[in-house]
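One structure below.
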């Protein structure tokens, strides 16, 4: 079945450092791909999405490109801030997986001032 | 819009008691999801509804769990009887016309002693 694998955390960075959180997926078809963010004590929020190969999703300085050839959707940000500290979830929907959204395990990010 | 509303935000109960969690989805959204989040198992989909009809309840762990959606603006998740292993954060989410892009509520933190 469909699945999502993302890098284990926690990831600890200093403010203004470059961020990459790796995400790879397995799907039988062509899913939509998402990054969600969860701040402490809150629910998940959609950060960005991409619906087809080579699409780039972007929001709040974060970017991710749908790479079909490597089945990846890595999250990047050029300069992180303390306020970016949160848990980030990679997810997929569709692509032969029915109507369920498949979430990765989450990667916790700590940004130090 | 107020977003997805969940109540209560925190619930502490004793083993064997009945627990009812409540959710009000975003107005006009056709899909409603119930998730459970724990450190050990991550984010698990319990059940989801489309136009108030349960579509997939394969994630409901046991018969002790039940969910209803009597109308488009209200859903409940009930656990009877509750057990300590039910302790988790329960999220409700809704989406518009398609299950892919979901909006999460703030969650209910359930502690069963």
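Chains as they are written, first to last, in our numbering: chain A, 1 to 113; chain B, 1001 to 1113.
All residues carry an ideal CB built from backbone N, CA and C; glycine is no exception.
Model, not experiment: these values are computed from the prediction.
Next on the checklist: Check for me: the beta strand (DSSP E) holding residue 48 of chain A runs from which residue to which?
Outcome noted: Run containing residue 48 of chain A: 44-50, per the beta strand (DSSP E) assignment.
Could you tell me which of B:1092, B:1091, B:1099, B:1090 sits nearest to residue 94 of chain A, measuring between CA atoms? Checking every option, the nearest Cα to that of residue 94 of chain A belongs to B:1099.
- Give, in chain order, every residue of the segment 1053-1078 of chain B whose Cβ lies closer than 8 Å to some Cβ of chain A. The segment 1053-1078 of chain B vs chain A, Cβ under 8 Å: 1055, 1056.
Using 7 Å as the threshold, is the C-beta distance between residue 1033 of chain B and residue 43 of chain A below it? No, the pair does not count as a contact, with Cβ atoms beyond the cut-off.
| task | Mind the definition here: the segment 1075-1089 of chain B touches the segment 1006-1022 of chain B only if three or more C-beta pairs lie below 8 Å; say whether that holds. | result | Yes: the two stretches touch, three or more of their Cβ pairs being nearer than 8 Å.
* Just confirm the distance between the C-beta atoms of residue 111 of chain A and residue 87 of chain A, as a whole number of angstroms; I'd bet it's less than 8 Å. => Between residue 87 of chain A and residue 111 of chain A the Cβ distance is about 13 Å, and since that is not below 8 Å, they are no contact.
- Task: Identify the contact partners of residue 1091 of chain B in chain A, using a Cβ-Cβ distance below 8 Å as the criterion.
- Result: Going along chain A in sequence order, the residues near residue 1091 of chain B (Cβ under 8 Å) are 43, 44.
Output yes if chain A places a C-beta closer than 7 Å to the C-beta of residue 1049 of chain B; else output no.
Cβ-Cβ to chain A under 7 Å: no for residue 1049 of chain B.
Does DSSP put residue 1085 of chain B in a helix, in a strand, or in coil? Note: residue 1085 of chain B maps to helix in three-state DSSP.
#### Entry: Neighbouring residues, chain B, relative to residue 103 of chain A (Cβ below 8 Å)
1042, 1043, listed in chain order.
Check: Can you tell me where the beta strand (DSSP E) with residue 64 of chain A in it begins and where it stops?
Finding: 62-65 is the span of the beta strand (DSSP E), which, as asked, contains residue 64 of chain A.
ask   = Per DSSP, which one or two residues make a beta bridge with residue 94 of chain A?
value = A:31.
Is residue 100 of chain A near residue 1046 of chain B, with beta carbons less than 7 Å apart?
Cβ atoms of residue 100 of chain A and residue 1046 of chain B: not closer than 7 Å.
Check: My guess is that residue 1068 of chain B and residue 1058 of chain B are in contact by the Cβ rule of under 8 Å, so how many angstroms apart are they, rounded?
Finding: Residue 1068 of chain B to residue 1058 of chain B, Cβ: 17 Å. No contact.
- State yes or no: is the C-beta of residue 20 of chain A within less than 7 Å of the C-beta of residue 76 of chain A? In contact: residue 20 of chain A and residue 76 of chain A (Cβ atoms closer than 7 Å).
Go ahead and pull the three-state DSSP assignment for residue 1007 of chain B. When DSSP states are grouped into helix, strand and coil, residue 1007 of chain B belongs to the strand group.
* Asked: If you count every other CB in all the chains shown that lies within 10 Å of the CB of residue 1112 of chain B, and 16 or more means buried, which is it?
  -> With 16 or more Cβ atoms within 10 Å of its Cβ, residue 1112 of chain B is classed as buried.
(Q) Considering only their Cβ atoms, is the gap separating residue 51 of chain A from residue 79 of chain A smaller than 7 Å? (A) Residue 51 of chain A is positioned such that its CB atom lies no closer than 7 Å to that of residue 79 of chain A.
Output needed for residue 91 of chain A: all residues of its chain with C-beta closer than 8 Å, excluding positions within five of it in sequence on either side, in chain order. Excluding sequence neighbours, residue 91 of chain A sits near 4, 33, 34, 35, 36, 101, 102, 103, 104.
_chain B contact for residue 35 of chain A (CB, 7 Å cutoff)_ = So, not an interface residue.
For residue 1042 of chain B, which residues does DSSP report across the bridge? Answer is B:1038, bridged to residue 1042 of chain B.
Taking the C-alpha atoms as reference points, what is the distance between residue 1061 of chain B and residue 1077 of chain B?
-> Separation of residue 1061 of chain B and residue 1077 of chain B (C-alpha to C-alpha, rounded to the nearest whole angstrom) is 12 Å.
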